[in-house]
Amino acid sequence: MSSSTPTVGFVSLGCPKALVDSERILTQLRTEGYQVVPDYDGADVVVVNTCGFIDSAKQESLDAIGEAIKANGRVIVTGCLGVNEQTIRDLHPSVLAVTGPHQYEQVVNAVHQAAPPKKDHNPYLDLVPPQGIKLTPRHYAYLKISEGCNHRCSFCIIPSMRGDLVSRPVGEVLDEAERLVKAGVRELLVISQDTSAYGVDTKYRMGFWQGRPVKTRMYELCEALGELGVWTRLHYVYPYPHVDDVIPLMADGKILPYLDIPLQHSSPSVLKAMKRPAHQEKTLVRIRRWRDICPDITLRSTFIVGFPGETENDFNHLLDWLDEAQLDRVGCFEYSPVEGAAANALGDHVPDSVKKERWERFMAKQQEISTAKLAAKIGREIEVLVDFVDEESAIARSSGDAPEIDGLVHIDGDYGLRPGDMLKVRVEHADEYDLFASPSEVLEG
Ligand code: SF4
240 MSSSTPTVGF VSLGCPKALV DSERILTQLR TEGYQVVPDY DGADVVVVNT
290 CGFIDSAKQE SLDAIGEAIK ANGRVIVTGC LGVNEQTIRD LHPSVLAVTG
340 PHQYEQVVNA VHQAAPPKKD HNPYLDLVPP QGIKLTPRHY AYLKISEGCN
390 HRCSFCIIPS MRGDLVSRPV GEVLDEAERL VKAGVRELLV ISQDTSAYGV
440 DTKYRMGFWQ GRPVKTRMYE LCEALGELGV WTRLHYVYPY PHVDDVIPLM
490 ADGKILPYLD IPLQHSSPSV LKAMKRPAHQ EKTLVRIRRW RDICPDITLR
540 STFIVGFPGE TENDFNHLLD WLDEAQLDRV GCFEYSPVEG AAANALGDHV
590 PDSVKKERWE RFMAKQQEIS TAKLAAKIGR EIEVLVDFVD EESAIARSSG
640 DAPEIDGLVH IDGDYGLRPG DMLKVRVEHA DEYDLFASPS EVLEG
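The structure is reproduced here in structure tokens:
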């Protein structure tokens, strides 16, 4: 297995935030001269970046560690499951090292121990892409602006795994965004546990970018990202009053008219039991205001049905709320307990059959709304970004579609498009989730 160039295998599991961690670790290792190999056989050591959010993800992570040990034998574990070191070591005593989420230096040190870097490697001479190693397609990238979370939602254990909010310096975030754009990225997906809280921990400290002062705050960050001339999409935003300030940037075309706001429920008593951030905000009033300022805004959210104590009245409140809110994109999960979460101690757990029945009613309602919203786009011209092309068709996304979680725009026919192209299309058909369109004009290639 050993060669003059040390080799690393990498298994990345979990959410976009874990993916960003993987990218950072890989960037560092590549910078030091390691070669990243796609199979266990050719690797001097294998790093498994795990997820520990729900029980099925934990199991997937433990299985992945077992597989890597069987196939290679020299395994370093990192990521969210790494906080349960004992569980990992009990099951897989031969792992070389266990580190937690965003412990980049510790992972890299563990790799150094297992497979020492080449002595003659020169990071200034060796070719490393300036944007780092992207695990996403080359034309979009996640931009992580902070770690951790100051909230304590009762169903979530992320703060106990990742700690309180720590915002990255604004200059560092903007430099990274600029490097990504220079390397060909056309869409930046801003992620964190709570994007609206960016900078709270630093008291909105003044930072510097391109020699000028920029505050560590969501509005200033969005304003600066808007200068880069690519799509900027905001994820994990809570409906606090100051979020209103960024909507004009969307109306002016500086950032995408898109907000991912994980609301989880509408019923005040359920939201209180969930201990959700901004649960006392009048969200419907806020949504109306956003649409007044930016009529084209796409609102995406996720909800949990069957949370402990959720009554039929609470659930009907949610269905009525959906009718009023007319959200564009919605995901829904049946509540499932997470080991270590405070919500497990709540009474009145909802039977599985009721959860399932509520989930089905929820989805039927949202499908009606989504179908009508997409049908209203037929005949309109929209701008899209191409993700995938084969001989007969292309798959693209509009400003209303985040990768992997929202809908698609299907373009039938061979127009010589390539992934990363931007063009204008006219919408011809729609179904519950997707649009079908033909090019009206190629914008940029
Ligand atoms: S906002 Fe709530 S659900 Fe999201 S990470 Fe923080 S505690 Fe967890």
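Numbering (the numbering used here), first residue to last: 240 to 684. We put the CB at the ideal spot given by N, CA and C, even for glycine.
Start-to-end residues for the beta strand (DSSP E) that takes in threonine 289: On the sequence shown, position 50 is the one that residue 289 refers to. Taken as a continuous stretch (DSSP letters only), the beta strand (DSSP E) holding threonine 289 covers 284-289.
Close Cβ partners of alanine 436 (< 7 Å) along its chain, the five nearest in sequence each way excluded: By 1-based counting over the sequence shown, the position of residue 436 is 197. If we look at alanine 436 and ignore the five residues flanking it on each side, its Cβ neighbours are Asn389, Leu404.
Cutoff 6 Å; reference alanine 354; Cβ partners in own chain excluding five residues on either side: In the sequence shown, residue 354 corresponds to position 115, counting from 1. Answer for alanine 354: Pro245, Asp283, Val284, listed in chain order.
Same chain, Cβ closer than 8 Å to isoleucine 430, five either side skipped, listed in chain order: For the purposes of this step, residue 430 is taken as residue 191 along the sequence shown, with counting starting at 1. Cβ within range, chain order: Pro255, Lys256, Val259, Tyr381, Leu382, Lys383, Ile384, His474, Tyr475.
Residue environment, alanine 603, which counts as buried when at least 16 other CB atoms sit within 10 Å: If you number the sequence shown from 1, residue 603 lands on position 364. That one is exposed.
Any non-hydrogen atom of the ligand SF4 within 8 Å of histidine 518 CB: Locating residue 518 in the sequence shown gives position 279, where the first residue counts as 1. Histidine 518 Cβ: outside cutoff for every heavy atom of the ligand SF4.
Closer than 8 Å: proline 218 CB and nearest the ligand SF4 heavy atom: Any property of residue 218 remains undetermined from this structure, which presents the chain solely from 240 to 684.
First and last residue of the uninterrupted alpha helix (DSSP H) at valine 409: Translated into the one-based positions of the sequence shown, residue 409 becomes position 170. It spans 409-421 - the alpha helix (DSSP H) in which valine 409 sits, taken as one unbroken run.
DSSP-derived helix/strand/coil call for isoleucine 536: Along the sequence shown, read from residue 1 onward, the residue named residue 536 stands at position 297. The answer is coil: DSSP assigns isoleucine 536 none of H, G, I, E or B.
Spatial neighbours of arginine 525 in its chain, beta-carbon cut-off 6 Å, leaving aside the 5 residues before and after: Stepping through the sequence shown from its first residue, residue 525 is reached at position 286. Pro478.
Beta-bridge partners of lysine 383, as assigned by DSSP: By one-based count along the sequence shown, residue 383 stands at place 144. Its beta-bridge partners are Ile430.
The ligand SF4 heavy atom lying under 8 Å from the CB of arginine 515: Against the sequence shown, residue 515 aligns to sequence position 276. Yes - the ligand SF4 has a heavy atom lying nearer than 8 Å to the Cβ of arginine 515.
Proximity of glycine 646 and tyrosine 672 at Cβ, strictly below 9 Å: Mapped onto the sequence shown, residue 646 falls at position 407. Mapped onto the sequence shown, residue 672 falls at position 433. With respect to the 9 Å criterion, glycine 646 and tyrosine 672 are classified as neighbours on the basis of their beta carbons.
Phenylalanine 601 to lysine 309 span [Cα, whole Å]: If you number the sequence shown from 1, residue 601 lands on position 362. If you number the sequence shown from 1, residue 309 lands on position 70. Going from the Cα of phenylalanine 601 to the Cα of lysine 309 covers about 43 Å.
Pair within 9 Å by beta-carbon distance, histidine 518 and proline 507: Your numbering for residue 518 matches position 279 in the sequence shown. Your numbering for residue 507 matches position 268 in the sequence shown. The answer is yes: Cβ separation under 9 Å.
Cβ-based burial, aspartate 433 [other Cβ within 10 Å; buried from 16]: Residue numbering aside, residue 433 sits at position 194 when the sequence shown is read from its first letter. That one is buried.
Bridge-paired residues (DSSP) for glutamine 298: Start at 1 with the first residue of the sequence shown, and residue 298 comes out as number 59. Paired residue(s): none; glutamine 298 is not in a bridge.
First through last residue of the alpha helix (DSSP H) which encompasses arginine 568: On the sequence shown, position 329 is the one that residue 568 refers to. Careful: arginine 568 lies outside any alpha helix (DSSP H), inside the beta strand (DSSP E) at 568-573.
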